[in-house]
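Sequence order for the protein chains is A and B.
Each number in my numbering comes from the position in the first sequence (counting from 1) with 16 added on.
Each number in my numbering comes from the position in the second sequence (counting from 1) with 37 added on.
So the structure is just underneath, and the comments pick up after that.
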Amino acid sequence: MVAEGSLMKSSFSEKILIYGILLLWTFICLFPIYWTATTSFKTAASVTQGLLIPWIDFEPSWKGWRNLGFSPDTIFTESNPREEFLARFFNTAIISSSASALAVILGSFAAYGLSRFNYKFGFMRNPDISFFFLSQLILPPVVLALPVLVLYRELDLLDTHIGMILLYTLTVLPIVIWIMRDQFNAVPIELEEAALVDGASVWVSFFKIVLPIVLPGIASAFILCLILCWNEYFLAALITSTDAKTMPVMVASQISSQSIKWWNMAAISAALCLPLIIVAIFLERYIVKGMAAGAVKQ
Amino acid sequence: MTKPTSIERDPLYVVAPPIVTDKTKRFGHIIVWGTFTLMFLLAIIQFLNTNEHITFGFKTWRPVLYAYILWACAIGYSRVLIYGEKGKRTLFVFPAVMFILSIVIFPMLFGLYISFTDWNLSSIDGREFNGLDNFYQMISDPYYWNALKNMIYYVLAVLVEFAIAFLLALLLNSQIRGRKFFRIAFLIPLMLSPVAVSWMVGKSMLEQRFGPVANLGRFLGWETPTFFSSPEIARLTMMCMDAWTFIPLMIIMLLAGLQALPKEVLEAAKVDGANKWTMFKNIIFPIMLPVSLTTLVIRIIFKLKLADIIIIVTAGGPGGATDSVTSFIVREYRDRSNVGYGTLLSFVYLILIIIFMTILIRFVNRWLQRAA
Numbered sequence: 017m018v019a020e021g022s023l024m025k026s027s028f029s030e031k032i033l034i035y036g037i038l039l040l041w042t043f044i045c046l047f048p049i050y051w052t053a054t055t056s057f058k059t060a061a062s063v064t065q066g067l068l069i070p071w072i073d074f075e076p077s078w079k080g081w082r083n084l085g086f087s088p089d090t091i092f093t094e095s096n097p098r099e100e101f102l103a104r105f106f107n108t109a110i111i112s113s114s115a116s117a118l119a120v121i122l123g124s125f126a127a128y129g130l131s132r133f134n135y136k137f138g139f140m141r142n143p144d145i146s147f148f149f150l151s152q153l154i155l156p157p158v159v160l161a162l163p164v165l166v167l168y169r170e171l172d173l174l175d176t177h178i179g180m181i182l183l184y185t186l187t188v189l190p191i192v193i194w195i196m197r198d199q200f201n202a203v204p205i206e207l208e209e210a211a212l213v214d215g216a217s218v219w220v221s222f223f224k225i226v227l228p229i230v231l232p233g234i235a236s237a238f239i240l241c242l243i244l245c246w247n248e249y250f251l252a253a254l255i256t257s258t259d260a261k262t263m264p265v266m267v268a269s270q271i272s273s274q275s276i277k278w279w280n281m282a283a284i285s286a287a288l289c290l291p292l293i294i295v296a297i298f299l300e301r302y303i304v305k306g307m308a309a310g311a312v313k314q
Numbered sequence: 038m039t040k041p042t043s044i045e046r047d048p049l050y051v052v053a054p055p056i057v058t059d060k061t062k063r064f065g066h067i068i069v070w071g072t073f074t075l076m077f078l079l080a081i082i083q084f085l086n087t088n089e090h091i092t093f094g095f096k097t098w099r100p101v102l103y104a105y106i107l108w109a110c111a112i113g114y115s116r117v118l119i120y121g122e123k124g125k126r127t128l129f130v131f132p133a134v135m136f137i138l139s140i141v142i143f144p145m146l147f148g149l150y151i152s153f154t155d156w157n158l159s160s161i162d163g164r165e166f167n168g169l170d171n172f173y174q175m176i177s178d179p180y181y182w183n184a185l186k187n188m189i190y191y192v193l194a195v196l197v198e199f200a201i202a203f204l205l206a207l208l209l210n211s212q213i214r215g216r217k218f219f220r221i222a223f224l225i226p227l228m229l230s231p232v233a234v235s236w237m238v239g240k241s242m243l244e245q246r247f248g249p250v251a252n253l254g255r256f257l258g259w260e261t262p263t264f265f266s267s268p269e270i271a272r273l274t275m276m277c278m279d280a281w282t283f284i285p286l287m288i289i290m291l292l293a294g295l296q297a298l299p300k301e302v303l304e305a306a307k308v309d310g311a312n313k314w315t316m317f318k319n320i321i322f323p324i325m326l327p328v329s330l331t332t333l334v335i336r337i338i339f340k341l342k343l344a345d346i347i348i349i350v351t352a353g354g355p356g357g358a359t360d361s362v363t364s365f366i367v368r369e370y371r372d373r374s375n376v377g378y379g380t381l382l383s384f385v386y387l388i389l390i391i392i393f394m395t396i397l398i399r400f401v402n403r404w405l406q407r408a409a
């Protein structure tokens, strides 16, 4: 990483330009978050005046968070919005983590098989099977949405966690397979051959030898899936109504309701984004690794 | 059914003692057919029950689903019983294949059928086969063609996003302090839910009376900053919001490519006295071509699914100017609950996407071969 630096000496004015552009883009990336966070502490008057800086422009108030039941004076009292919010939060957490886990399990097995053995299912050889998996990526959710909606009604899976988990697993499975195939290809086969010579079965060598090596890759895939599932709105809006309703659906329904209270919406949007912002800050390495795995082949 | 046969030597070659006997083979066939019969019987009972030929049966089709899962497991287990070691290898791929087949192929076949029916969820008559009527309706539906036209604009916007992402990736890759900070900051928009972005940016920052962007616009001399009233500006606004969320993805992929550039080549060019622009044009860009094209293809795939922010922020307005195909179909379904027509539209869209992606990937491959 340092090598490019010695390669490209920049003059002072160029440096200013580089940092200028980088800082500008940082501002563009972070300002909406700053805006949302501050707005959640505004009152009606400070919203309509478009004030920006807390304590200097306006006096922060807990109004938005109080309505949600998260302000210091309401946090220990009973609060229906908070119950509702937490229920949605845990729905989202359960659905997205289960779906990601399922996708990682199914996807890792498939990717390992494809990287180690030659298959022939009917006319399909390994490249065809890989293509079959990856082609699911271009399937737009809207194509599946209506048939699945009708099918789920017959199967009594509408508005259930299981139903959502299955659909989300499907949407992220190709991504897992894509990332994990490269990971397994990078593991030298000799390691497993040694184990097999010692009499271990294929599955034992997979769990005992290969799996520990690719664990960071699995973590990347899992986090990427988690992000995609956590933010998914389209399918959840169609399939869920009360029991399994996820946070994005709840937030979206609040947006479209007639009387939007800005401080409320800001608080709720901030709460929706906060978990993943924390994930981004602490697990950035894994996220980047997962995405980069797709870009750089060989 | 899935028959595993090794064509040539597997990369991982396994020699294992045979574990298959006639007895295990027979048992394997028995469990597959046994569970299949169970599922079949349950399905028949359920079918007769729903059509009110018989009175007993279950409330929903769920028991059939359980029988189906049991059957799928039996097939998987029977692979090992019948084919031994080869069957064990099949088990790696089998669950994922079975999963996708169950959740994609069945609904797709079902969808194909309902796309030729007139089926209004709210009407009592249920579905009625109406042949190609939906198709003729589509041909003369200006809003669908309009949505497709918008998709072309949206996809073309990817090129601009790519240029911005490439520039930022180059800057991130140059000698700078605080690279980690910038990387995290640049990554964050991708983490945000499109729903939250719709409110944070679309509904509040772009609010025309007191949103900060509108204030900035006024400050810069734009007298009436409105972002969603004229068709062109509304479309541009949606493009910007979508770009804002997805540029991080492109930056990361391109940055990974830049970091994998062969250092020796860059050193050599430097020694030869190449300046930055010729270096970029003649060396970095050509070497980055495969990564760039992969990035573009991935981005286009995501772009073709664009819907959430449009549904929430503009609902396709004004006058369909910002509609993507998905958001249009959703409206068609929500407003008129016309499942048959909506499904046909989505299938036509799928076919168009497949054609487009096939051409695109073939084009990309040819380009890469010529470059190599």
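The beta-carbon is built from N, C-alpha and C at its ideal position, and this holds for glycine as well.
Here the structure is a predicted model, which is why all the values come from computation and not from measurement.
Comparing alpha carbon positions, the residue from B:A344, B:A200, B:G215 and B:P355 closest to T332 (chain B) is B:A200. Runs of alpha helix (DSSP H) with 4 or more residues, each lying fully within the stretch 230–273 of chain B, are found at 231–234 and 249–256, listed in chain order. The C-beta distance from G306 (chain A) to A237 (chain A) rounds to 6 Å, short enough to fall under 8 Å.
Of all residues in the stretch 339–354 of chain B, the ones placed with a Cβ closer than 7 Å to any Cβ belonging to chain A are L341, K342, A344, D345 and I349, in chain order. With fewer than 16 other Cβ atoms from the protein chains shown falling within 10 Å of its own Cβ, P323 (chain B) counts as exposed. Here M140 (chain A) is bridged, per DSSP, to A:F137. Cβ-Cβ separation between L243 (chain B) and T282 (chain B): approximately 15 Å, too far for a contact (criterion under 8 Å).
For the 8 Å CB-CB criterion, T380 (chain B) and I151 (chain B) form a contact. Secondary structure of P204 (chain A) (DSSP, three-state): coil. Interface annotation, D47 (chain B): in contact with chain A, CB-CB separation under 8 Å.
The Cβ atoms of K342 (chain B) and T363 (chain B) lie closer than 8 Å to each other.
Runs of beta strand (DSSP E) with 3 or more residues, each lying fully within the stretch 170–219 of chain B, are absent. Distance from P163 (chain A) to G71 (chain B) at the Cβ level is roughly 30 Å; contact not present, criterion being Cβ atoms closer than 8 Å. Taking 8 Å as the cut-off, the beta carbon of I303 (chain A) is found closer than this to the beta carbon of L240 (chain A). For A222 (chain B), the neighbours in chain A by C-beta distance under 7 Å run, in chain order, T42, C45 and L46. By the criterion of a C-beta distance shorter than 6 Å, G124 (chain B) is surrounded in its chain by R116 and V117, once the five residues flanking it on both sides are discounted. For S364 (chain B), the enclosing alpha helix (DSSP H) starts and ends at V362 to R373. In this chain, F57 (chain A) is not harboured by any alpha helix (DSSP H), its DSSP state being neither H nor E. Selection A:S272, A:L242, A:T59 and A:V265 evaluated against L299 (chain A) yields A:L242 as nearest (Cα-Cα). As for any alpha helix (DSSP H) of minimum length 4 sitting wholly inside the stretch 232–280 of chain A, the runs are 250–255 and 263–272, ordered along the chain. By the neighbour-count criterion, in which a residue is buried when 16 or more other Cβ atoms sit within 10 angstroms of its Cβ, G138 (chain A) is exposed. Taking a Cβ-Cβ cut-off of 7 Å, the neighbours of V312 (chain A) in chain B comprise A293, G294, A297 and V328, given in sequence order. Only residues of its own chain outside the window of five on either side were considered, and among them M263 have a CB closer than 7 Å to the CB of F105 (chain A), listed in chain order.
In the three-state scheme derived from DSSP, where H, G and I count as helix and E and B as strand, E30 (chain A) is classed as helix.
C-alpha of I91 (chain B) to C-alpha of F222 (chain A): approximately 50 Å in a straight line. Distances from the CA of I154 (chain A) to each of A:T176, A:V188 and A:M140 were compared; the closest alpha carbon is that of A:V188.
Only L382, S383, F384, Y386, L387, I390, I391 and M394 from the stretch 381–399 of chain B bring a Cβ to less than 9 Å from some Cβ of chain A. The Cβ-Cβ distance between W278 (chain A) and K31 (chain A) does not fall below 8 Å. Three or more Cβ pairs drawn from the stretch 185–200 of chain A and the stretch 123–135 of chain A lie within less than 8 Å of each other, which places the two stretches in contact.
Residues L209 and I213 of the same chain have their beta carbon placed closer than 8 Å to that of F219 (chain B), with the five preceding and five following residues left out of the count. Using a CB distance cut-off of 8 Å, C245 (chain A) does not count as an interface residue toward chain B.
Closest by C-alpha distance to F317 (chain B), out of B:A104, B:I391, B:T359 and B:L207, is B:L207. By the Cβ criterion, the stretch 231–245 of chain B is not in contact with the stretch 287–305 of chain B, since fewer than three pairs of Cβ atoms, one from each stretch, lie closer than 8 Å.
In this chain, the alpha helix (DSSP H) harbouring H66 (chain B) covers D59 to T87. A straight line joining the alpha-carbon of I91 (chain A) with that of G85 (chain A) spans about 6 Å. In this structure, S257 (chain A) sits away from D144 (chain A), with a CB-CB distance that is not shorter than 8 Å.
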